Every structure is written in structure tokens, then in C-alpha cells.
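Position one of the sequence shown corresponds to residue -4 (the numbering used here), numbered consecutively onward. Down below is the structure, laid out as C-alpha cells.
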Amino acid sequence: DLVVDIAPEEVIEFTVKGKVRADAVGDIDGNTAKAGNQSDTTETIPPVAPVLDFQKLVLNTTADSSTCTFPSSTGTDCHY
């Protein structure tokens, strides 16, 4: 559990890292939970094509231009 109180317009950033096994392809077996003498297993999870939605922002640069505005997602008016 994580409880965080941050001021308005402040930022909290989480970085999640992981390793994908080389043999991690195909179906994912169901998870099994046990309590006492009872157990239950979730359904197998089939592979699904990824849906990626991302954005790249330039927050700062040493570009030779005073017309760059930050953050920039286009690099417009920045001369490198």
C-alpha cells in the first residue's frame, strides 16, 4: 500500500522494471488460490497483440535557438 500527499501541480513518478523470460510466449497458465482445503484457478490467458500509446517530450536541450519552448513533443523551432 502507498499513500502519498503531494502539493498541487507537483509530480510523483514511478518506474517499474521487469525482465521477460526468453520462454515467455504463448498462453499464461491460470493462477491458483488456496484457502484451507479449497482452491480456485483463474482461466488461462491467451496471447494478445499489444496496444501501445506513448508520447515523447523534450524537457530541455542545448539547441542553438532561443525559440524552443518546453516541454515540446515536436521539436519545432529547435535547431541542433
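Glycine included, every Cβ here is placed at the ideal spot set by N, Cα and C. Only a predicted model underlies this, so the values are computations on that prediction, with no experimental measurement involved.
Is DSSP giving THR37 helix, strand or coil here?
-> Taking the sequence shown and counting its residues from 1, the one referred to as residue 37 is at position 42. Here THR37 sits in coil by DSSP.
Going along the chain, which residues of its own chain have a beta-carbon closer than 7 Å to the beta-carbon of ALA28, five neighbours each way excluded?
-> Here residue 28 corresponds to residue number 33 of the sequence shown, with the count starting at 1. Once the five neighbours on either side are set aside, the close Cβ partners of ALA28 are SER34, ASP35.
Helix, strand or coil for SER68, going by three-state DSSP, please let me know.
-> Here residue 68 is taken as the residue at index 73 of the sequence shown, counted from 1. Coil, per DSSP.
Assign THR27 to one of three DSSP states: helix, strand, or coil.
-> Here residue 27 refers to the residue found at position 32 when the sequence shown is read from its first residue. Under the three-state reduction of DSSP, THR27 is assigned to strand.
Minimum C-alpha distance to GLU38 - residue among ASN26, LEU47, ALA30 = Here residue 38 refers to the residue found at position 43 when the sequence shown is read from its first residue. The closest CA to that of GLU38, considering only ASN26, LEU47, ALA30, is found on ASN26.
Sort out for me which residues DSSP pairs VAL53 with in a bridge.
-> Locating residue 53 in the sequence shown gives position 58, counting from the first residue. Answer is SER67.
Which same chain residues, not among the five before or five after ILE23, have their C-beta less than 6 Å away from its C-beta?
-> Translated into the one-based positions of the sequence shown, residue 23 becomes position 28. If we look at ILE23 and ignore the five residues flanking it on each side, its Cβ neighbours are ILE40.
Quick one: measure Cβ to Cβ for SER68 and LEU52, integer angstroms, because I've assumed they're closer than 8 Å.
-> Counting from 1 along the sequence shown, the entry for residue 68 is found at position 73. Counting from 1 along the sequence shown, the entry for residue 52 is found at position 57. Going by Cβ atoms, the distance from SER68 to LEU52 rounds to 5 Å, so yes, they are a contact pair.
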